[in-house]
Amino acid sequence: MAKTVPVERFTLGICYYPEQWPESMWADDFKRMKEIGFSIIRVGEFAWNLFEPEEGVYQFDLFDRAIDLAHQYGLQVIIGTPTATPPAWMTQRYPEILNVNKEGVPYRHGNRRHYNYSSPIYRDYCAKITEAMARHYADYPGVVGWQIDNELNAEGDRFYSDADDASFRVWLEGKYGSLDALNAAWGTVFWNQSYSDWSQIHLPRGTVNPHQALDEKRFISDNCISFVQVQVDIIRKLAPNQWITTNGMFPHLDNHKMTEQLLDFYSYDSYPNFTSIWNDDDRDQPLLDRIYSNYLTKTRSISPNYTIMEQQAGPGGWVTFAQSTPQPGQIRLWTYQSIAHGADMLLYFRWRTATFGTEIYWHGINDYHNQPNRRVAEVAKVGSEMARIGEAIVGSRFAAEVAILHDYDNEWDGELDVWHGPLSRESVYSWSKAMQFNHVPHDYLYINENTSLSNLTRYKVLIYPHAAILTDETAELLKQYVAGGGKLIFGARTGYKDKQGHCRMAPFPGPVAELCGITVEEFTLLTSKSKVPGLRWTDGKDESVQATMFNDILLPANDRVETVAVYDSAYYEGKPALTRNAYGEGEAYYYGAAFSLDAANALIRRLGLQPAAADQLELPQQVEIAIREKGDRRFAFLLNYSGEPAVARLLEKAEDLLEGVQLQAGDLTIEPYGVRVLALN
Amino acid sequence: MAKTVPVERFTLGICYYPEQWPESMWADDFKRMKEIGFSIIRVGEFAWNLFEPEEGVYQFDLFDRAIDLAHQYGLQVIIGTPTATPPAWMTQRYPEILNVNKEGVPYRHGNRRHYNYSSPIYRDYCAKITEAMARHYADYPGVVGWQIDNELNAEGDRFYSDADDASFRVWLEGKYGSLDALNAAWGTVFWNQSYSDWSQIHLPRGTVNPHQALDEKRFISDNCISFVQVQVDIIRKLAPNQWITTNGMFPHLDNHKMTEQLLDFYSYDSYPNFTSIWNDDDRDQPLLDRIYSNYLTKTRSISPNYTIMEQQAGPGGWVTFAQSTPQPGQIRLWTYQSIAHGADMLLYFRWRTATFGTEIYWHGINDYHNQPNRRVAEVAKVGSEMARIGEAIVGSRFAAEVAILHDYDNEWDGELDVWHGPLSRESVYSWSKAMQFNHVPHDYLYINENTSLSNLTRYKVLIYPHAAILTDETAELLKQYVAGGGKLIFGARTGYKDKQGHCRMAPFPGPVAELCGITVEEFTLLTSKSKVPGLRWTDGKDESVQATMFNDILLPANDRVETVAVYDSAYYEGKPALTRNAYGEGEAYYYGAAFSLDAANALIRRLGLQPAAADQLELPQQVEIAIREKGDRRFAFLLNYSGEPAVARLLEKAEDLLEGVQLQAGDLTIEPYGVRVLALN
Amino acid sequence: MAKTVPVERFTLGICYYPEQWPESMWADDFKRMKEIGFSIIRVGEFAWNLFEPEEGVYQFDLFDRAIDLAHQYGLQVIIGTPTATPPAWMTQRYPEILNVNKEGVPYRHGNRRHYNYSSPIYRDYCAKITEAMARHYADYPGVVGWQIDNELNAEGDRFYSDADDASFRVWLEGKYGSLDALNAAWGTVFWNQSYSDWSQIHLPRGTVNPHQALDEKRFISDNCISFVQVQVDIIRKLAPNQWITTNGMFPHLDNHKMTEQLLDFYSYDSYPNFTSIWNDDDRDQPLLDRIYSNYLTKTRSISPNYTIMEQQAGPGGWVTFAQSTPQPGQIRLWTYQSIAHGADMLLYFRWRTATFGTEIYWHGINDYHNQPNRRVAEVAKVGSEMARIGEAIVGSRFAAEVAILHDYDNEWDGELDVWHGPLSRESVYSWSKAMQFNHVPHDYLYINENTSLSNLTRYKVLIYPHAAILTDETAELLKQYVAGGGKLIFGARTGYKDKQGHCRMAPFPGPVAELCGITVEEFTLLTSKSKVPGLRWTDGKDESVQATMFNDILLPANDRVETVAVYDSAYYEGKPALTRNAYGEGEAYYYGAAFSLDAANALIRRLGLQPAAADQLELPQQVEIAIREKGDRRFAFLLNYSGEPAVARLLEKAEDLLEGVQLQAGDLTIEPYGVRVLALN
């Protein structure tokens, strides 16, 4: 069942912290929210002390008053369970609740996620506060849903406490049954690592057994999910009429599994302004804030229609780091970026900038001074626009014919393993960018043991850049996909590891060698000291592509396998670098390197992938297009990420939904950081 | 009362370690010291084991013999209390004396300042050794004064031991009275940080509550001062006829308060040769060793006439880092740099390079071989010069008409807070450099709750670059200053925080908005990825200035406020960047950015600030000028920091004090790294 | 007695891990090894759990079966004692076995060398397993020798456990006898470090007493040797007919002393492919993989004929770092590099790439797939070549007339001391490179208290770059060497420290001032900010040399001392930089700087050092030459390190041993990464 947001119309709102402001300000705040067009607020996710000021004493009056007043002003309320920040009295009394660093030093009160998910004591406290809150707020007027904790695995995605070790051992016993099985799976005969007692096993601290490290990530994910489940089970039972979600996408958590098993839908916190600090403008053609389209694409792979629980509302930063201020139009642009990719509910973070604490520079739409400002005006414009089109677009789905295959095992294994992880990160980035710039909408498809052929056949083309870990089952599925007419593209290092991360005693690419029609004769990793060879195309075309990071030297199995390109230098000059194998109704490509932007561009051309709405629109590179479809309606979101006006070309007439006008064919200007939403015919 | 050095004539001397050399060498050492022109030595500051080889057993014979012999050779003696390096037997017996690092790991014996200031046991040991020494050396022939500890807060300016936590809690209780007040001051409702018991509170370890972090620095400073006070109280009582000082300027210590409350005068350790490793020659116009004039200016703000307790005497370094050797003339040049800014007593560090230990490369004026060398000759030249002019210059005061305002709260808050701290550091550097190169002498004026209007009105111009924390009281004082005819210059980020570091719910610049005649409409921090806008001057002049680091977009309150310059690019192109507001008899400038060198230069020109002694001298950029005045006498120190001869122009006749000749108007050559001291008319 | 490999013919082999593969694969593995030309394997060094699966239960069946089968296929066996990786059950039961980091945090099971050498419990366990193995494998058919532990001090060359502190104190008591002597030696009067009880002393943790730090390294070395001795004594007694060695060269271990006292010969692990990651190609003329000739030269200084226990067999790397793949020919080239410098036995690492564990990317000659590949073919070529020439070359010795003097005290002292350590590293590198490129073979001569004049007089020229620590005894030996006709070259910073690292109270260069005929008048370290002066040659020749890193300004003692070059700039322009003093029959050079490549080149020319076999060969720079001599036979190894063919010139006829042909005078082409072995007349 698709995990989508249960709303009738697009829902706009904001995060609010009544506990941080004088109660006398609340009414004016809610009144102005409503005027802007907000209909929902999120509260409570860092307020444990207010709900339980001392152990076992629960109180809800402050939040009751705030929620009542909000409701009175027509606002719905999402309540966050406050488990991301346990009270000081609790961690002081039970230090085993704390997470510790790799050296064994406990984290301190004063941050977030300084606790571990494993402590039975903490889980018990969490259950009790959740139960008290769920009892109190089930069917409470205005309260529509729950956010579990906040940004799970943010600020901490590794765990080293004693409780975690204990929990890891239980998880391992459940998985392996015996130490013999574990020793075999972890290859402990290597370097004399064999365990003769479960108590000898720890989460890895500075050790580099890759199989143990992979299980570490799997455990952290499962452990986090079971931590969430404690709360979900309670809310489901006590407050069955309210929905449950959680926000954010952080390492070492299988958000797909968590959402599938526990949540009604998934939420994301979108802060594209981080690119004002950490962007990629050292590259030829930077993605800058468009990189967030990539994250939203991942979000959509979990919930086709999702919520943005926190949308950037101004410059962000703590006292210790700083973003610059979004330029005029960018906050609205980023809002539409979220919507274009599938948001049906969106809350800004936050109403007013905090005047104290770590985040005095994480600016809300209102400034400290609480006077009118540009950001409020920009958000109010979105509010009025959504009042007009929010009902039309809700529930429409993003359309794509291409998907990048992705899976958690390779992501987690590749974190430690520099022989394939960096390749995947580079190639996914290149493919995303190439498809962005070529206006080819794409999805992510996360593949796991539950993936079915029908999940794949929705796409004409699949790209699986560097699936080092590739099970026989997945290989079989991919063969069926190609046999049935699909096009599939692999990169270097495919298929040499099994599920445990052991290397197969077979020529690369292991279980897809037959599908690809090649084996890997030799290979070399390119270090920072290496000269990078290029490609020479066998059709003689002059298309410059660098074969970056890794070079597999391919050996076609037979004459029917087409060598599309060979290496143009190095000791393997002239050897096949890119091959194509017709297989059943489809075809499989194998590329022996990481995918540079040039390589992805070349493949897009050679595969004949077309821009979205190519019959109706011609777009410049700086504009992203996203199509959302509902029934026979197609909404085209055109997003101009540049500070200059962009000129698109409309090839046939269309309706401009935001302006409420009918457009004729011809030039179509999109203002700097501007947005158009067209209803296509 | 001015905290100045109580000497009748300029006093030259050196640091000496009798315990590190065979007693047979002492007499020759003292004899040669006297020949050079030294009249004072400092001893004892790292010799606790020699004073107290086992607990409670005090002995002074070695130092008595050394002091007696020195005195016999006509040398006075300063004694250092040895508390910077506790004996091994003490920290072994009472490990709670040790400071610990952020992870909780105790520091080890073998360094300096591996202890904490809080341990009651250590304070007791310090009191006892101080008492024993004070009893013994009070009125001891030759002993004139005391140095408390050594370079307080050097090697360690953060504290994490249990004793420190305990002491911090006592300090907080004294300050806040109740946990409610503390929770409010620290904004602990943010992220659920509220404390329900004093014992839950620690000095911050990896947490980023800015209000807690500010109190941490205030506590460290107060705690250090109270540590010093233990010793001072004892010496004042037992040795009332000897003066007390301490040396060095290190982080997290309010040297002004400490000197005001406890000391007779302040001392500084000047090592300009560090610029041979860590200089700023990556800048267009580097300050290099002239940066030490900046530190001496700060020293002078504490004691108008100060002591240099350690003056660079050769290449410095430990075994783990290294300076190059001062070039011929530089040791003398740096000596005069210290004198020009206000030194009335100066000791070199050290007599002879140690042949063992961590500092075998911290070269004294004598080499290991103890033969005549260039450095001894250079210092002897200073000795003979001071013999001639030391009585004339003593007690004269540095003259300046401009001051940079500075305060500890903003310095400490800005350490963590990247939204204003880096701006202040950059702007103070730029202003110092601009005034150096334009030959405009300046002071630092540290502002606090005791600052009076008369402290300010000594200056025609005050520059307060980025006073993020600005109390209403200080704002009122600044208004009075301007109303009375002063010129005052603010930079970006002024006035938005209160004393606790909370952000005011008012438009920037808060309490000086009326004084400046503007509010800040919008702002943006410039990250390393940002394009920096420039200024366009409304008077049409072509003067290139980059508006660096931060841009406040200003909104003049009315037509009477002059917009001096606007931004020349970015989305706020054409908006006011620099304004001037006539206020009473004076005027207030607000500049929306950090002050680059170009900005400071432009303002110096526009404010009409004149070079010192402009009627008498024309100076090239590489020469610093400092004027010391006493009664109607004016001594001009001309310091040539370059390795080439510098040619100044003397506009009227003057006396060359060092050469003892009368100079006529005309060209005046200053040799490479050379110095001239002129008596101006 | 020369510690050389006791073999009759060159012996080729490989490292093998039977425990990591199905027993069914063994026979095929051994069969193919034999076909390649291998005659020896190494096993067992990481297999403690297999030998002792629980405490006190010893079992050998798996290895017995493997060894029996190997022997059956004609392979000899080296057994590694498994003490580099203690079992989990052991470190869990006795955590005091673990080494801890500087912060006191114990290392974890799962790596190598996470234990300390000091724990009596661990030494006891090691003794027991060694005894059990020695009893079992003494005179076991096929077993010829032992490797103690594995790569001593790799992965950990600092020790901080309680056991280490205790052992350090015992070592210190043995060395100094009394605390007074220790306090004097460590100069603890400096900074009040004096110890009044042995228990106050620790291995240095973040402290920088240079004398303590030097003793730390001496202790670590002695402690490691005594750890090895426990095992050696047992094997000598129980298995007197098998030889003993160990492999690798890592910091803080006097391999010379260890080999002299305990081993039959020394072994090295050669991985030149590390230069694909960490090479020096940022230099003008990089050494790249030729740097390994330098390491082999050091190896040869321990054992004139040594074993390579692990020779690179493919790309190396862990999951966390990666080398690129050796290019065709490089594995063979590196094999001959090892042989050319003195190997008489060589084992590749490893037979087949591990399919699990940390080292799945440390490629053996066989791939995971176990099919024929390029690397196996390349190694088989070596096998067939050695079958032909292995008997001829065995026992022949590398010939050199020049040596670089080296000693552990300066190496260890210079690790911490930036005032001489970096100079030595730079100068040794420059000299090695200059001699490589000029085809002047050289040795390392490690000098210590047992070095005799006859060790020195084997060489015409000795270079002792920066002997900061220089005892009177060594100085005397050097004087005798020069007096007898030797040429000796010193660099800056010579002779100012005594054996304890105290600075001498005498002009530099202390005990060799008379030999050199100069003293150092002044000096300066050049920092990264300094302008580097050049040399001006007094004979007027135009030869460009930069006087890098440090400049001693020399003062000749008399007119007979020749000033060869002076500084060409800086304040000491024109002062002597390089001097030559005739002394007895020889001459001593003193150079006041570090030796750049240009300086070494200039000295090679001025000393008239000739290329090897200059009468018979002319070689291009990219080719290394090494001569091995036996009786009247001279074997010239020509190694082409470039990827292009190299053309040498043969001046008279010679025999090409590998090709088995007679060569006439004329051009001689060496293929890319190719090797020639010539029998010279």
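Residue numbers (full-length UniProt numbering), protein chains in the order written: chain A, 1 to 681; chain B, 1 to 681; chain C, 1 to 681. The beta-carbon is built from N, C-alpha and C at its ideal position, and this holds for glycine as well. Values in this document were obtained by computation on a predicted structure and should not be read as measured data.
Would you say residue i faces chain A, with C-beta separation under 7 Å as the test?
| i | result |
| --- | --- |
| lysine 529 of chain B | yes |
| proline 372 of chain C | no |
| asparagine 111 of chain C | yes |
Hey, residue i and residue j: beta-carbon distance below 7 Å or not?
| i | j | result |
| --- | --- | --- |
| alanine 138 of chain C | alanine 239 of chain C | yes |
| serine 430 of chain B | alanine 600 of chain B | yes |
If we define contact as Cβ-Cβ less than 7 Å, is residue i a contact residue for chain B?
| i | result |
| --- | --- |
| glutamate 19 of chain A | yes |
| threonine 83 of chain A | no |
| phenylalanine 274 of chain A | no |
| glutamine 327 of chain A | yes |
| arginine 93 of chain A | no |
When you compare only the Cα positions, how much space is there between residue i and residue j?
| i | j | result |
| --- | --- | --- |
| lysine 487 of chain A | serine 569 of chain A | 29 Å |
| arginine 290 of chain C | arginine 332 of chain A | 60 Å |
| histidine 406 of chain C | asparagine 49 of chain B | 39 Å |
| isoleucine 97 of chain C | serine 338 of chain C | 36 Å |
| proline 141 of chain C | leucine 152 of chain C | 28 Å |
| proline 106 of chain B | isoleucine 121 of chain B | 16 Å |
| arginine 504 of chain B | threonine 519 of chain B | 13 Å |
| glycine 316 of chain C | glutamine 327 of chain C | 13 Å |
| aspartate 280 of chain C | isoleucine 489 of chain C | 26 Å |
In the structure shown, what three-state DSSP assignment does residue i receive?
| i | result |
| --- | --- |
| aspartate 269 of chain B | strand |
| threonine 83 of chain A | coil |
| leucine 152 of chain A | coil |
Any Cβ of chain C within less than 7 Å of the Cβ of residue i?
| i | result |
| --- | --- |
| glutamine 662 of chain B | no |
| cysteine 503 of chain A | yes |
| phenylalanine 219 of chain A | no |
| threonine 524 of chain A | yes |
| residue 696 of chain A | The structure shown does not extend to residue 696 of chain A, since chain A spans only 1 to 681, so no value can be given for it. |
Practice item. Identify each residue in the segment 447 to 469 of chain C for which the Cβ-Cβ distance to at least one residue of chain B is less than 7 Å, and report them in chain order. Key: none
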